[in-house]
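To keep things clear, I will list the structure first and then write my remarks on it.
There are 2 protein chains.
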Amino acid sequence: MQKRIITISREFGSGGHTVGARVAEALGYAFYDKEIIEHVAEETGLSRAFIEEQGEESPAKSAFAYSFLGRNAAGMSLEDYLFASQRKLILELADKSPCVIVGRCADYILKGRTDCLNVFVHADKEFRAARIVEQYGETDRSPEKRIREKDKKRAINYKYYTEQEWGSANNYDLCIDTGTLGIDVAVDVIVSVAKSDR
Amino acid sequence: MQKRIITISREFGSGGHTVGARVAEALGYAFYDKEIIEHVAEETGLSRAFIEEQGEESPAKSAFAYSFLGRNAAGMSLEDYLFASQRKLILELADKSPCVIVGRCADYILKGRTDCLNVFVHADKEFRAARIVEQYGETDRSPEKRIREKDKKRAINYKYYTEQEWGSANNYDLCIDTGTLGIDVAVDVIVSVAKSDR
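Top line first, the protein sequences correspond to chains A and Y. If you read the first sequence in numbering that gives the first Met the number 0, its first letter stands for residue 0, the second for the next number, and so on. If you read the second sequence in numbering that gives the first Met the number 0, its first letter stands for residue 0, the second for the next number, and so on.
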């Protein structure tokens, strides 16, 4: 079966956003990355900054600590509310039209759908460090530190909401190293697998 | 750069051997899987059964326990001797001619070579259970149990000799789920990436 939904999970700085955008363009699919923030902000009334920051990244230092954060007797924190809203939106988008969705545990949310291709894009730290400086500029923190922080926050968030290990090959149909293979090859592979008829 | 060496790490029952053989055929490369056992047996005098069993699988229940197993004051166990022999052979084979090598931590042994493509082939347990019965027949242990045992032994062996996590996407250029994508697609992807000029 041709894949009508492609989810891209990605390490910070690996070029996952670019890969996703180019795959969407090549296949004529809708593309959702930051666009999800806008939708969720409208739906929930949460601020764009909060959604951008907490939508994929844990503010706690472990999945265990995260489970206590901001939860009251009713059991729902603002982060849980955000996750539930993102989840609902992703399910709606996936049903609406063929699309590429970047991040936000979409692989887990759409798990088991045979029309969905789940991809993980990763790269070595040197490639990612050079790329985040090129894409987002320098900050007072070193690129290596920014990578370590983002990796950790995304991994905890993913683990907390999916009970799966971030970056384990078993969660994905396809994992690609953009550092060694390059972005062009990654795009070609994903497009050709999405089009393949199995 | 075209890839002249392809290593295939694979979960038991995922079809990694078949994928590797077909990739080698499509590219006109040499193919090494069980062939390595013959070479190492000649070189070391170790029995084929020992090499087959211990060449990729830890007899201990953890990497920590493994580090004590059969090691004397000189620090080398039979397993270490086997690993060293396999390593030497893999380096020689990689230098000799373009090839596909299945298993035996070849990805780690050849790490850093830009002419080498490291692939991990995995699949869900249902796919693998059906496949091992089809390929190797029934035994008194259930296919699920055989998978659990092999996975665990290979993971410990890999961890012990490479200090890396078995099945973590970061160790590989490409990871492919043969359960969801099928063996044909896996072969096509690997061949096209191996031929790509980056």
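The beta carbon of each residue, even a glycine, is placed where N, CA and C say it ideally should be.
Item, Value
"Between Y:A40, Y:R3, Y:I182 and Y:H121, which lies nearest to S167 (chain A) when the distance is taken from Cα to Cα?", "Y:H121"
"Does DSSP classify L90 (chain Y) as helix, strand or coil?", "helix"
"Kindly indicate which residue of Y:F49, Y:I146 and Y:F30 has the alpha-carbon position closest to the one of S96 (chain Y).", "Y:F30"
"For S141 (chain Y), which of Y:K152, Y:R112, Y:K124 and Y:V101 has the nearest alpha-carbon?", "Y:K124"
"Pop quiz: D114 (chain A) and R21 (chain A) are said to be a contact at Cβ under 8 Å. What is the actual Cβ separation, rounded to whole angstroms?", "Not really, about 21 Å apart at Cβ, beyond 8 Å."
"Quick check on Q1 (chain Y): buried or exposed, where buried means 16 or more other Cβ atoms within 10 Å of its Cβ?", "exposed"
"With contact counted as at least three CB pairs below 8 Å, one residue from each stretch, are the segment 175-192 of chain A and the segment 12-28 of chain A in contact?", "yes"
"If you run the structure through DSSP and keep just helix, strand and coil, what is Y171 (chain Y)?", "coil"
"Are any of the Cβ atoms in chain A nearer than 8 Å to that of K13 (chain Y)?", "Here residue 13 (chain Y) turns out to be Ser, not Lys, going by the sequence shown. No, S13 (chain Y) lies away from the interface with chain A (no Cβ there is under 8 Å from its Cβ)."
"Starting from F126 (chain Y), find everything on chain C with Cβ-Cβ shorter than 7 Å and list it in chain order.", "No chain C appears in the structure shown, which is made up of the protein chains A and Y."
"By DSSP, does S195 (chain A) sit in helix, in strand, or in coil?", "coil"
"Which residues of chain Y have a Cβ atom closer than 8 Å to the Cβ of G166 (chain A), listed in chain order?", "S167, A168 and N169"
"Does the segment 35-42 of chain Y come close enough to the segment 87-95 of chain Y to have 3 or more Cβ pairs within less than 8 Å?", "yes"
"For the segment 134-151 of chain A, enumerate the residues whose C-beta is nearer than 7 Å to any C-beta of chain Y, in chain order.", "none"
"From A154 (chain A) to R103 (chain A), what distance separates their C-alpha atoms?", "11 Å"
"Name, going along the chain, the residues of the segment 171-186 of chain Y whose beta-carbon falls closer than 8 Å to a beta-carbon of chain A.", "Y171, D172, L173, C174, I175, D176, T179, L180, G181, D183 and V184"
"Would you report the Cα separation of N117 (chain Y) and I50 (chain A), rounded to the nearest angstrom?", "37 Å"
"Just mark S8 (chain A) as buried or exposed, buried being the case when its beta carbon has 16 or more other beta carbons within 10 Å.", "buried"
"Could you check the C-alpha separation between E56 (chain Y) and Y28 (chain Y) for me, to the nearest Å?", "27 Å"
"Let's see if you can read the secondary structure: which residues bound the alpha helix (DSSP H) around R9 (chain A)?", "Premise fails: R9 (chain A) lies in the beta strand (DSSP E), I4 to R9, not in any alpha helix (DSSP H)."
"For my contact list, A5 (chain Y) and V99 (chain Y) are in at a C-beta cut-off of 8 Å; report their separation, rounded to the angstrom.", "Sequence check: residue 5 (chain Y) is Ile here, not Ala. With 8 Å as the limit, I5 (chain Y) and V99 (chain Y) qualify as a contact, their Cβ atoms being about 5 Å apart."
"For the segment 126-192 of chain Y, which segments carrying the alpha helix (DSSP H) assignment without a break, of at least 4 residues, lie completely within its bounds, in sequence order?", "142-161 and 177-180"
"Please report the straight-line C-alpha distance between V188 (chain A) and R112 (chain A), rounded to a whole angstrom.", "20 Å"
"Whose C-beta lies closer than 6 Å to the C-beta of V47 (chain A) among residues of the same chain, with five residues either side of it excluded?", "Reading off the sequence, residue 47 (chain A) comes out as Arg, not Val. The residues are I36 and A40."
"For S250 (chain A), decide whether its Cβ has a neighbour in chain Y, counting only Cβ atoms nearer than 8 Å.", "Limits of chain A in this structure are 0 at one end and 197 at the other, which puts residue 250 (chain A) out of reach."
"Which residues does DSSP list as the beta-bridge partners of C115 (chain A)?", "A:I4"
"Have a look at the DSSP bridge pairing and note the partners of V99 (chain A).", "A:I5 and A:F30"
"For H121 (chain Y), write down the residues that DSSP places opposite it in a beta bridge.", "Y:D176"
"Have a look at Y:S76, Y:S195 and Y:V186 and flag the residue whose alpha-carbon is nearest the alpha-carbon of A25 (chain Y).", "Y:V186"
"For S84 (chain Y), which three-state DSSP category applies?", "helix"
"I need the straight-line Cα distance from Y107 (chain A) to D139 (chain A), nearest angstrom please.", "34 Å"
"Output yes if chain Y places a C-beta closer than 8 Å to the C-beta of S46 (chain A); else output no.", "no"
"Give a yes or no on whether the C-beta atoms belonging to G178 (chain A) and V101 (chain A) are separated by under 8 Å.", "no"
"Output, in chain order, the set of chain A residues within a Cβ distance shorter than 9 Å of Q121 (chain Y).", "Position check: residue 121 (chain Y) holds His in this sequence, whereas Gln was assumed. Under the 9 Å cutoff, chain A gives A168 and N169."
"Note the first and the last residue of the continuous alpha helix (DSSP H) segment covering E52 (chain A).", "R47 to Q53"
"Buried or exposed: A83 (chain A), going by 16 or more other Cβ atoms within 10 Å of its Cβ?", "exposed"
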